[in-house]
Each structure stands twice: as C-alpha cells, then as structure tokens.
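Novice: Dumping the structure here so I can ask a few things about it.
2 protein chains.
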Amino acid sequence: MAKNNVLLIGAGLCGSLLALRLGQRGYRVRVMEKRPDLRKVDISAGRSINLAFSDRGLKAMRMVGIEDKVLPLCIPMHGRMLHDKSGQTKMSNYSGRKHEYINSISRGQLTALLMDEAEELENVSIEFNKKCTHIDFEHKKVSFFCYESKREFEIQADVIFGADGAGSVLRKNYYLAKKFLFSFSQNFLSHGYKELTIHPDKGGGFKTFKNALHIWPRGEYMLIALPNLDGSFTVTLFLSYNEGEYNFNNLTDPEAVMDFFREEFPDTLALMPNVVDDFFENPTAPLGTVKCSPWNFEGNSLLIGDAAHAIVPFYGQGMNASFEDVVELDKCIEKHEGDWEAVFNLFEQTRKPDTDAIADLAIDNFYEMRDHVANPIFQEKRKLEMALESQFPDEYNSKYSLVTFNEDIGYRDAMIMGRAQDKAILNMIADQEINYDENLKEILKKVNEETLEILDEDKVAKTMRH
Amino acid sequence: MAKNNVLLIGAGLCGSLLALRLGQRGYRVRVMEKRPDLRKVDISAGRSINLAFSDRGLKAMRMVGIEDKVLPLCIPMHGRMLHDKSGQTKMSNYSGRKHEYINSISRGQLTALLMDEAEELENVSIEFNKKCTHIDFEHKKVSFFCYESKREFEIQADVIFGADGAGSVLRKNYYLAKKFLFSFSQNFLSHGYKELTIHPDKGGGFKTFKNALHIWPRGEYMLIALPNLDGSFTVTLFLSYNEGEYNFNNLTDPEAVMDFFREEFPDTLALMPNVVDDFFENPTAPLGTVKCSPWNFEGNSLLIGDAAHAIVPFYGQGMNASFEDVVELDKCIEKHEGDWEAVFNLFEQTRKPDTDAIADLAIDNFYEMRDHVANPIFQEKRKLEMALESQFPDEYNSKYSLVTFNEDIGYRDAMIMGRAQDKAILNMIADQEINYDENLKEILKKVNEETLEILDEDKVAKTMRH
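Shown next as structure tokens:
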C-alpha cells in the first residue's frame, strides 16, 4: 500500500514523537515548526523548563524503542517534600511501593532526543521557523509564513496533524470556519504561574534534597520545585492574579516581592537570592484547560496532544497524556490503516473520555496540592494509603497511583475508581469509622466494601442521568 | 443622583424586560435590536414559537407589575402527556400539588407586551433593524449597521448591556479582543431540532388534549408539542444529525420522512397531514450550551440572559432563567446603585452558580425525557414522588418541583438537593428497599434519611476536592 504524505504541524514533544512513530510506520512525514530549532538556539524563556515524566510517558518511549536513551535524562522524585513556614520539611511518598516514583525531565533535552530520532529516518523531515497561518482542512491545504525568507507558501497534504499545542492554529480554524458544529471550551483558573530558579551551589551540587518534588503549600498560593540535571531546580510560583493579600497584580515592586517571600516562604530566600530579579524578568502565564470535539474533520485532519486537550499542570500528566495519545492513536492505525476517517473516529471515541478525565483530575489536584496536603484529614488519608500500598502492593492503589503508575488503566477508569476510594476513606475518617487497633487487612476490606457501594450507587443514579 | 445612559443590545425577551426594569428605575435606556419590530412583521420562521413559562418567570413579571397582563397569554400544562407507539396516552403530572403547573406562552406575544410596556416609559426607546457590528468595551463605544439607511454609526454609552442572545456580539468581542482571560465554552448535543405544526381543527379547536406538554419519547429521538392560543400546537422533533437508523442527514426525501413518522409516531399523522411539507420547509437548528466568565468588563459592560448562559430547552427554563437574571440583577443594583462594577461583580458571583446548574440540569433532562420517562424504574419513581407531593405537600418537593415551582430556591441548591433525592429514591427502588405496605410517612422518612446521608457524604468528599 502506498503510504500517505503526512503534514504535521508542530515539533514539540507530541509532534516529534508522532513524527517518529509515523516515520517508523513508513509514512512520508513533513513536520513544520514555528520556533527555531531548540537544539541550536536557547528558547526556553522561563516557561516549563522541566516536566514530570511517569509511566504513561515511558510506555510511549518503549513503543518507539528509545527507553534506554530517555532514562539517563530522568531524575527520580520519590515523593512530595513539604516545606512549612518554619522551614521544616516532611517527605510524603507518591506510593507505598518502592519502585513507583515519578521523574523530572528537561523539556528541551527530551524534545531534542525525539527530533534526533525522527530525523534519522529518511522519510521524516523537520523544518523550523515556519509559522502556520491558515488551514483549509476541507481541501487539505495549509499556508505557512517563513520567518527566514519572509515569504508565504502553501502545502498540499494527504492528511494533516495539528500537534501545535494549547494555542493550536488547526483548532482555531475548526472554530472560526464554522463548517461543522464544534464544541469547544477554554477555562482559566484564577491563578497564574511564574518560573523562578534555584541555582546549583558553587560545587555544582543541589542546594536542597534532589529526589523530590518540593512543595510549599500555603492555601491561597503555592511554590513547587523540580530538579534539573545541572544541579539547579526550576521553581514555579502559583498565585492568584487579583485575589488575596498577595497577588500578581499587586506584587509590582521589589519590596513587595521580598516581603511576600520573607513572610510566606522564608526558607527559599537562602536558596534563591535571585528571587526578585527572576520575578520581574520572567513572564506570568495563565493556567487554562481546553477541551473540544470533534478532533478530526472527515479524516482530513486531526488535533492531538495539547491542541486537542490542554490541561493544567497539577497532576504532572500533561506531557504523559500527549505521549499516551500517540500510543492510543497507533493502536487505531493498526486497526484501520488506510482509512484515516475510521482511525480518527475510533481514536476520539476511545481517547476523549480519558483526556477529559485527566483534565478534571488536574484541576482537583490544584486544590489538593494548594490546600489539602497540609490538612490533617488529608494527611491521615495519605498515611493510611501508604500503609495499604506497602502492605498490600497487589491489592491497593490510591487514586494517585492509578493515574500515575498504572499505564494500562485509562484515566477515566482511574478517576472513577480513585474518586470513589477517596470518598470512602475520607468519610470513614470523618465518621471515625477507622479503628487503627484493627489489623490493616480488616481496614482494607472495609475500604473496598465502602468503595464498591459508592460505585454501585453512583451507577444507578448515573444510568438514569445519561 | 444623575442616572446613566444605558445602551442595551437586543430587544428579545430578556432585553425587553431589562429595558422595562431599568426604565422603571429611572435610567435613560436606548435599546438596539437587529431584527425588525416583531409587532409589525412576522419573523418567527419556525424557531421556538412558544415556550414553557413558570414560577421564576412569573416572579419577574410581578417585579415589573405586569402579571395580570401576562396570565391571559398563558395556557396551563398540568403534566406530560406520553404517547406510545400504539397511540395510547398516559398523563404524568408535573407535581402532586394541584396548583403547580407550567404554561405554554407565545414568544412573540410576550416579547411584544414587554416592548409595549418599556416603550410607554418616556426614558426608554427601542430602535429596530440596527445590527451591532463591534463593541469597544474599553471605551464603551458601540458600532451599528442600520439595515434601512445602510449606514454605520457609533454610540457612546455610560454602560452597555449585551442581551443579544446565544450568538452574542458582546461575548464574541470579549473572546476575540483578548484584553483579559475569558473562560468560554460552547457545547453542542449530537441532536438538532426542527419545528412542525399541528394546525387547529376546522372549528378552530385543539386537535389533541390542550392542557399538557405532549411527548412521544422514543429513546434515540423525541417529539414534543406545546399548545398555542389559536388552537394549534407547535411540535418539535429532536433527532440526531448523523446517528441511528433515522437522522437529519439521511431523512432527505419525503418518502423517508413519511416512513419515519409512520414507524415511530403513527398517531401524529392524523394530527399533522402537513408533516412532510413542514419538515422540508423549516430549518434544522443545533442544540447548544454556552457558559462563560467573566460576564462584565470593569463595570463597563455586562452579558445577560442567553448571551451569558445559553442552555438547551429540556427543562423549559431558558426564558425563566433569563427573566430571573433581571430579578437578581435588580437586587444587586438595589445594593450598589451608582457603582456598576460592584453591581456586576456581585451579580456574577451570586448568579453564575445558578445558571451553570440549570445548564447542567437541562442536559440531564434531555436524557430523562428521551429515555427515562418510558423506563419502569423512572415511572415508579415519579409515581412515588407524586404520592409524596400530594400527601405531604409541605414536606416533599421532587427535583422537578424544586427547579420549576420554587422560585425562592436557587437553581444550584435545587440541583444539589434534587439530585441527591433522585439518587436516594432510585437506589431504594433498585435495591427493593421500598415496602409499599408501609405507610407513606415511613417511606418519606427513609427517603429523607437516605438523601441527607448522600448530601453529607458528598460534602466531605467535595470539601476535599475544592
């Protein structure tokens, strides 16, 4: 069978992986990227320099055969290290099973690896500084502007993939062209984010504990930090634009910023003497969720990755979800190769419930990380879950584990199961139904019974609702 | 205090009521309407000729003092009259309390009344055939195109209200101008709708029972009919665009349409000998939900009614919700008159949870009307609820009653309470926990206990989630 000419817009994490996979399948893939080649020019500009990378992402790396090249880029983070106002820290593991942890990875290094792998295939090419300006998805013609030649040009393709991120041009064209009913949502949190840096110490070492995701939870705002291979940490401040005593709109001079950090995050001042400079040099960015449907137009074009489902970063699943898209799409190609419309329809039908779920879970986690990690009922719940996971590793998985470490369970099933478990445990704690003198096996049995009852009752009510 | 110059875009149901109320408060109100004056030209064109009108709408009419003029326009509908395939009918009342019913009312007649009342005030004017083309909400300048003079002109206002419906130009300007983070969603159901007509009989009488909302529930599709004062019924067909054996995309010739009605709605053929003509003459329209935030920009402009929250028609609350907007806005003006930003912020903060709730309830009801009214568990639930409402009129309100007949309970509280009750009753029925030999008082007690427990458990889990 003659393989199609694929036009792929966007050479970010998802686009580069997709190019590699379609290349491995024998398609002629032409990738067009708006930005310069990040392997030659530093374009990070203080926006999500590193990312959480976990089992769903790793599964995708295995699919394309580069797991061994990715692992050296990873820094394991075994849990959340919580920093209170007095500077005291407490480690809260992500799982009761020792082999389950997440990783910090550099966006730039991982993208570069994927690009290198894709370009090694003779049927894949990547062109940079080519901004997509318009997509005629009815006739599969795409217009670009080249920042180097300053000229417009058009490409005719057999099939178009929009892996062009949260601000997708393909998605915007679906919306504005009004050729079909396009369901679409963009929802912003009241909070934005700003990146700061903990530089390495003089010897190039880490200034604080390396193998953790550090959190300073303060209710209305939150600071987190993820390690980088060079000994630095990328720190992210999550803060309201205009609510509360401190917010992005009123932190307008160095004094105010210093006061804020001195008051709320005193132990970070020794780690970040540069905090005020970073604060005013780096941009403030919004936190948005995008959902839409349909993702494809008559088999001509498909939205994938953030272009189809941008999510907030609080579950550390944004990149993992986009990589999993490619794994799931690959299964659909396997089934219906040669018929893109069938491939794309099956992909959206099976995948969208999962990407909707991780979008909602990520918003839940915004509140959980900000408020609840420091809440006694939540801490009791986590303690119990850690005990259940370590004592019954094959019998119990927390919601966090289901989402993060169980790549063969879809996000939606993980959400339904995980929320029911959370509800069961929280109510048992609130009602003081957990007797810690009982053996843990008895407690697990009760949790499972309560969870099943909740699932069952929700099912009856939901069947009637949908 | 000097009263502001108000520019109000849209003289539909919501805009006309708002003009009347702001006029009564002494503002100088200039209303600009895109369409011709519906009191002079017939512009109905087969799109929602009549509407369900109930207690929340009536409350708004009382506020502006025209209840006595509205009631003569109403046709009471005491329940749903269900038509099965054999033509058998069964009445299912909306409430166990005799005085609780909804009404069918003509969109045109009610709008005309509101316009007449508004225009009687010397400080209110309405201009027609003026299409809003652009809104500079930063400088409060609005551009219009006059279909009569064919000229563009601009109006400077002190404050701008966008009551310009589901396709709001003000909302579009909020979205496209990118002056602030605008959360926005439009979601379409897979179904569209088309209006048909049951004409009066030769004597001008009603061809089927007058005082009901008729439903032909068929799972994948549904027909409903609401009476008009002239003896006709406006019938609406809800049908998928492209799924199932019959859909809008494949019903393309008269034969197919006749087959569909003969097969699925045989008793309607005698009532609508004109069905095929209507089907091909009238447009097919989509069913969409719109949510957005913020509704106001710095006190300069406000979205209201469908412009702020378009909903699907299945709870019969679209118009009622828009009218209630005006009642709630009026309370906010009462509190903060003179400070539009405070008025608008309070309005959105208090109102949006309720409009979000009715949007979700309306989608729930799509499934309920289509599928469940014919489902035995649902029918048992409705029977029990009717018995509870008629025997304990002050102690029990079904979800439907809370939403429709309890105008002093917000939609959101009605939703939370109503869904918990539904879940309690449905689970009790499914688990065969209801013993009909018991006296009804005992059953009510059990329902209330179950409901409270569900509310309580949800509360613990939700506190942890948000």
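Quick mapping for you: the protein sequence lines, in order, are chains A and B. Per the working numbering, the very first residue in the first sequence carries number 2; after that it's consecutive. Per the working numbering, the very first residue in the second sequence carries number 2; after that it's consecutive. The beta carbon of each residue, even a glycine, is placed where N, CA and C say it ideally should be.
#1: Whose C-beta lies closer than 7 Å to the C-beta of A308/B among residues of the same chain, with five residues either side of it excluded?
#2: Could you check if R383/A is buried or exposed, using at least 16 other CB atoms within 10 Å of its CB as the buried criterion?
#3: Taking three-plus beta-carbon pairs below 8 Å as touching, is the region 37 to 46 of chain A in contact with the region 387 to 398 of chain A?
#4: When you compare only the Cα positions, how much space is there between L252/B and L240/B?
#5: CA-CA distance, M2/B and Y28/B?
#6: What number of angstroms, rounded off, separates the C-alpha of M418/A from the C-alpha of T452/A?
#7: With 16 as the cutoff for other CB atoms within 10 Å, does H215/A come out buried or exposed?
#8: So Q187/B contacts chain A; which residues on that side make the cut at Cβ distance below 7 Å?
#9: What residues of chain A sit near E265/B, judged by a beta carbon separation below 7 Å?
#10: Classify R63/B: buried if its beta carbon has 16 or more other beta carbons within 10 angstroms, exposed otherwise.
#11: Could you confirm whether any beta carbon from chain A is found closer than 8 Å to the beta carbon of P377/B?
#12: Can at least three beta-carbon pairs, one atom from the region 103 to 120 of chain A and one from the region 256 to 271 of chain A, be found at a separation below 8 Å?
#13: In angstroms with no decimal places, state the Cα-to-Cα distance between V71/B and R57/B.
#14: Looking at the structure shown, is C133/B part of a helix, part of a strand, or coil, going by DSSP?
#15: Please find out if some non-hydrogen atom of the ligand NAD comes closer than 7 Å to the beta-carbon of L403/A.
#16: Could you check the C-alpha separation between D361/B and D372/B for me, to the nearest Å?
#17: On the CB-based measure, 16 or more other CB atoms within 10 Å of its CB, does E458/A come out buried or exposed?
#18: Once the 5 residues before and after K4/A are set aside, which same chain residues still bring their CB inside 6 Å of it?
#19: For E458/A, decide whether its Cβ has a neighbour in chain B, counting only Cβ atoms nearer than 8 Å.
#20: Hey, out of L197/A, F207/A, E265/A, G206/A, whose CA is closest to P218/A's CA?
#21: If contact means a Cβ-Cβ distance below 8 Å, which residues of the region 321 to 343 of chain A contact chain B?
#22: Considering only DSSP beta bridges, list what N94/A is partnered with.
#23: So for M2/B, helix, strand or coil by DSSP?
#24: Chain B beta carbons: is any one of them nearer than 8 Å to that of M2/A?
#25: Under 7 Å between beta-carbons, which chain A residues line up against A431/B? List them in chain order, please.
#26: Please determine if the region 125 to 137 of chain B and the region 424 to 431 of chain B are in contact, where contact requires at least 3 C-beta pairs separated by less than 8 Å.
#27: Distance cutoff 8 Å, beta carbons only. Does P287/A sit that close to anything in chain B?
#28: Where does W217/A fall in DSSP's three states?
#29: Give me, in chain order, the residues of the same chain whose beta-carbon lies closer than 6 Å to that of S402/A; leave out the 5 immediate sequence neighbours on both sides.
#30: Where do the N-terminal and C-terminal ends of the alpha helix (DSSP H) with A53/A fall, by residue?
#31: Under DSSP, the alpha helix (DSSP H) around L347/A begins and ends at which residues?
#32: Which term fits Y397/B, buried or exposed, when burial requires 16 or more other beta carbons within 10 angstroms of its beta carbon?
#33: Taking 8 Å as the threshold (C-beta atoms), are Q187/A and V42/A in contact?
#34: With DSSP as the reference, please indicate the residues paired to T290/A in a beta bridge.
#35: Helix, strand or coil, according to DSSP, for T209/B in the structure here?
#36: Tell me which residue opens and which closes the beta strand (DSSP E) that N104/A is part of.
Specialist: Based on what the coordinates show:
#1: Here the set comprises G163, A164, D165, G166, S169, L171, R172.
#2: Per the 10 Å Cβ criterion, buried.
#3: Verdict: no, contact absent.
#4: One Cα belongs to L252/B, the other to L240/B, and the distance between them is close to 10 Å.
#5: Because M2/B sits at a pLDDT of 47, beneath the cut-off of 50, its placement in the model cannot be relied upon, and the following sentence gives the value as read from the coordinates. Between M2/B and Y28/B, the C-alpha separation is close to 11 Å.
#6: Spanning the two alpha carbons is a distance of roughly 8 Å.
#7: The residue in question, H215/A, is buried, as its Cβ has 16 or more Cβ neighbours within 10 Å.
#8: The answer, in chain order, is S184, F185.
#9: By Cβ distance, chain A contributes nothing, its closest Cβ being about 22 Å from E265/B, past 7 Å.
#10: Exposed, because fewer than 16 other Cβ atoms sit within 10 Å of the Cβ of R63/B.
#11: When Cβ-Cβ separations below 8 Å define contact, P377/B makes no contact with chain A.
#12: Not touching, per the Cβ criterion.
#13: Rounded to whole angstroms, V71/B to R57/B spans 13 Å at the Cα level.
#14: The DSSP-derived three-state label of C133/B is strand.
#15: This structure does not include the ligand NAD; it has no bound ligands of any sort.
#16: Near 17 Å, if we compare the C-alpha coordinates of D372/B and D361/B.
#17: Per the 10 Å Cβ criterion, buried.
#18: For K4/A, where only same-chain residues beyond five positions count, the Cβ hits under 6 Å are G27, Y28.
#19: With 8 Å as the cut-off, E458/A counts as an interface residue toward chain B.
#20: Considering only alpha carbons, the answer is E265/A.
#21: Result list empty, no residue passes.
#22: DSSP, once it has assigned bridges, lists G80/A as partnering N94/A.
#23: Caution applies to M2/B, whose pLDDT of 47 falls short of 50 and renders its modelled position unreliable; the model cannot decide the point.
#24: With a pLDDT of 47 at M2/A, under the threshold of 50, the modelled position of this residue cannot be trusted; read the value that follows with caution. False, the Cβ-Cβ gap to chain B never drops below 8 Å.
#25: Correct list: V461.
#26: Judged by pairs of C-beta atoms under 8 Å, the region 125 to 137 of chain B does not touch the region 424 to 431 of chain B, as fewer than three such pairs exist.
#27: True, the Cβ-Cβ gap to chain B drops below 8 Å.
#28: W217/A: strand per DSSP, three-state reduction.
#29: Listed in chain order, the non-local C-beta contacts of S402/A below 6 Å within the same chain comprise S96, local neighbours out to five positions each way being set aside.
#30: Annotation: A53/A is outside any alpha helix (DSSP H); the continuous beta strand (DSSP E) that includes it extends over 51 to 54.
#31: According to the DSSP assignment, L347/A belongs to the alpha helix (DSSP H) that extends over 341 to 372.
#32: Buried.
#33: Not a contact, by the Cβ cut-off of 8 Å.
#34: Bridge partners of T290/A: N188/A.
#35: Coil.
#36: 103 to 107 is the extent of the beta strand (DSSP E) around N104/A.
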